[in-house]
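Student: Quick one: the structure is below, and I'll ask about it shortly.
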Amino acid sequence: MLRLHALARAREQHSTLSHPAIRHAQRAAIATMLHALTCILLLVAFATAHARLVGTGAASARAQEDARWWWDDAVKRSNALGDIVTGGGELSTRSNGLLNVDAMNALLTGSEASHSESTHMRDSLLEQASKLGLLKKEGAPVFARPVAFVTGLMGGRLMESVNNRERTTNPFCRRNVDTELVWPPPPNMTILWHFTCLCANLQLVYDEGSGTYRPKVSGVNVSVDESFGGAIDLAWKDWVNALESVNPAFVRGRDIVGLPYDWRLGPDAWSAPDGDFDRTKAAIEAAVAANDGRKIVVVSISMGGPYFAAFASRHVSQQWRDKHIHAFLSLSGVFSGSSLAILHLLTGAFGQTPLPSYLFKPFMEMSRSLGSIPWLVPTAPTFSADEAIVTVKDKTYKLDDMGSLFRDAGATQAALLWSKYKDVSGLSLAPNVTTICVSGYNHSTLATLTFSSMKKLKTPSGATFVDGDGTVASSSLRVCDSFAGVQRMPVYPVHVLNATHSGLLGDKDMGKILFPLVFQQQDVNVGQW
């Protein structure tokens, strides 16, 4: 009897331990212990790093040294992927993909290393102004139009405030923060646990019914920096300085304006009432009114091109365009997408930007929640309908299969957003204003990708390349040229040999285009270029 009783108790105990709720509790306890151990190790690492930086009395110098080490190491970490993306050879920290690497480098090192280059660029632009006869003895031209600048993907500053942030698995995320800069990231964001907090705070959840976005993490509010520098400092400082040198009477915020927008969103959110398109419209109207009705010159880089084109073609009337826009100068406009957007959504790698591989995953998770990057996935005519763009083992994905590709990769929100935005591209973006399309060429540029399996998306096993600016294929860049066939206003293509995607920002010959648009009363004269 005792043996039977003991056996029954043993069976009861085994049954209890096998209950799903108990097994779940056991796994949770193990996970909690592992999480606690991880936190302890991170705290030890943090304390060690902190002691190294501040214990010597030379914190700033050591921080800069570590930042430079991180930068060099990042390039080495990225070389395997870089060989795929660039078609061989080392990555260049001077050519940035869709991100302003030089600006990021300056932020990471805290140095002024780019100051001499900025001065050289400004002087080169002024040399062009002098050759055009625009520099008067009194230091100001007789005539000047207002100018507006539009930045590209991740090129505008974002601000963050945090109020009672929900608790997440990362204990290092601050729960209460007064308004401060969140993008571009400060130097400590290269530390993994800080970077995961940043990426989590920038993540979005899309509501398909309303076409709106909300923060994924409650208690977090991210907004556009609407100050003058918010849309200027990462890309346009040299251009602004040169314009002010030609015309010292220019007033920032009145005659020279930035057109900031939340680069994380997509066209439907930008076009919503009181959205970024409405703010863009109001800023242009104010600049034109402050300049006695003289029409504005709009200058864009990269994704800023399709952003402004979508605004002009879909948000305002032809009467409004005729009254307010003198010309649209597009540099490296991504009018039909880039294969680097696919690479980024699948792997977390950001083109030629030397981001350490251990930061790929949180960056990828953040990017998969955004509207802008799925919007930059290639469309026709970058690829034809029957071309295989991505191959995963034996399965191929063509132009209309990108939604399936992203769903298969676990990027469900990116798949949804791609389906929403894929038709807001190509010739449908023709802005119907006088348009100057400047693009570089003669650089090997990513086209198609091959992966060994869906479980091994970290690094492509193969790729093909086409001509372009190193970031965007010529077939996408030159969609801008083709606007001439679908709009009544003139279009002037300018193709710059060996210019890279962001390299046009530092091309002194851009002054030959910019200054006549701003300082000469006559209509655009393409012959002078």
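Note that the working numbering has the sequence shown beginning at 52, numbered continuously upward.
C-beta atoms are modelled at their ideal positions from N, C-alpha and C, and glycine is treated no differently.
A quick note: this is a predicted structure, and the numbers were derived from the prediction, not measured.
1) Tell me which residues share the same chain as G422 and place their Cβ nearer than 6 Å to its Cβ, disregarding the 5 neighbours each side in the sequence.
2) Have a look at P567, S274, A550 and flag the residue whose alpha-carbon is nearest the alpha-carbon of L232.
3) Find the nearest neighbour of A498 within the set M415, F301, I393, A465, judged by alpha-carbon distance.
4) Assign S495 to one of three DSSP states: helix, strand, or coil.
5) Answer yes or no: do V37 and L565 have a C-beta to C-beta separation smaller than 9 Å?
6) Which residue comes first and which comes last in the alpha helix (DSSP H) that contains D329?
7) Out of Q179, S383, P413, which has the shortest C-alpha to C-alpha gap to Q509?
8) Less than 9 Å between the beta carbons of G388 and S479, yes or no?
9) Considering A360, what are the terminal residues of the beta strand (DSSP E) in which it resides?
10) Spatial neighbours of F411 within its chain, please: C-beta separation below 8 Å, excluding the five flanking residues on both sides.
11) Thinking C-beta only, is V489 closer than 9 Å to V569?
12) List the DSSP bridge partners of R265.
13) Buried or exposed: which applies to G356, given that a residue is buried once 16 or more other Cβ atoms fall within 10 Å of its Cβ?
14) Using a Cβ-Cβ cutoff of less than 7 Å, which residues in the same chain neighbour S212 once the five nearest sequence positions on both sides are dropped?
15) Identify the continuous beta strand (DSSP E) that holds S274 and give its terminal residues.
16) Between the segment 454-472 and the segment 418-437, do three or more beta carbon pairs fall short of 8 Å?
17) What are the complete beta strand (DSSP E) segments, minimum 3 residues, inside the segment 285-326?
18) Give me, in chain order, the residues of the same chain whose beta-carbon lies closer than 6 Å to that of S296; leave out the 5 immediate sequence neighbours on both sides.
19) Within the segment 373-400, note down every full beta strand (DSSP E) run reaching 3 residues or more, in order along the chain.
20) Among A481, K506, R196, which residue has its Cα nearest to the Cα of Q369?
21) Between the alpha carbons of L450 and E217, how many angstroms are there, rounded?
22) To the nearest angstrom, how far is the alpha carbon of T331 from that of F194?
23) Can you give the Cα-Cα distance for K563 and H366, rounded to whole angstroms?
24) For the segment 180-238, which segments carrying the alpha helix (DSSP H) assignment without a break, of at least 4 residues, lie completely within its bounds, in sequence order?
25) Pull up the DSSP beta-bridge partners for I352, would you.
26) Please determine, among A323, G280, K473, N215, the residue with the shortest C-alpha to C-alpha distance to P235.
27) Keeping to the same chain, check which residues put their C-beta closer than 8 Å to that of V545; ignore five residues upstream and five downstream.
28) How big is the Cα-Cα spacing for R305 and F516?
29) From A323, F200, N221, pick the residue whose C-alpha is nearest to that of G260; which is it?
30) Starting from L598, follow the beta strand (DSSP E) in both directions and report where the run begins and ends.
31) Measure the Cβ-Cβ separation of W321 and F200 and say whether it is below 9 Å.
32) What is the C-beta distance between R196 and I347, in whole angstroms, given that I count them as a contact (C-beta under 8 Å)?
33) Below 8 Å on the Cβ atoms is my guess for P299 versus G207; work out the distance and round it to an integer in Å.
34) Quick one: Cα of G148 to Cα of R458, how far?
35) Which residues mark the beginning and the end of the alpha helix (DSSP H) in which V542 is found?
36) Applying the criterion that 16 or more other CB atoms from any shown protein chain within 10 Å of the CB defines a buried residue, is G309 buried or exposed?
Tutor: The relevant details are as follows:
1) L316, G317, L468
2) S274
3) I393
4) strand
5) This structure cannot settle anything about residue 37, because the visible part of the chain is limited to 52 through 580.
6) 327-341
7) The sequence given here places Lys at residue 509; Gln does not occur at that position. If we check each option's Cα against that of K509, P413 comes out closest.
8) no
9) Here A360 belongs to no beta strand (DSSP E); instead the alpha helix (DSSP H) covers 355-365.
10) T398, G399, A400, K509
11) no
12) V256
13) buried
14) V228, D229, T230, N272
15) 271-275
16) yes
17) 307-309
18) L177
19) 376-382
20) A481
21) 39 Å
22) 24 Å
23) 31 Å
24) none
25) L382
26) G280
27) I487, C488, V489, S490, I564, W580
28) 44 Å
29) A323
30) Residue 598 lies beyond the stretch modelled for the chain, which goes from 52 to 580, so this question has no answer here.
31) no
32) 6 Å
33) Actually they do not touch by this definition, with Cβ atoms about 27 Å apart.
34) Reliability fails at G148, whose pLDDT of 31 lies under 50, so the model's placement of it is uncertain and the value that follows must be treated cautiously. Those two C-alpha atoms are separated by around 25 Å.
35) First-last for V542: 542-548, but that is the beta strand (DSSP E), not the alpha helix (DSSP H).
36) buried
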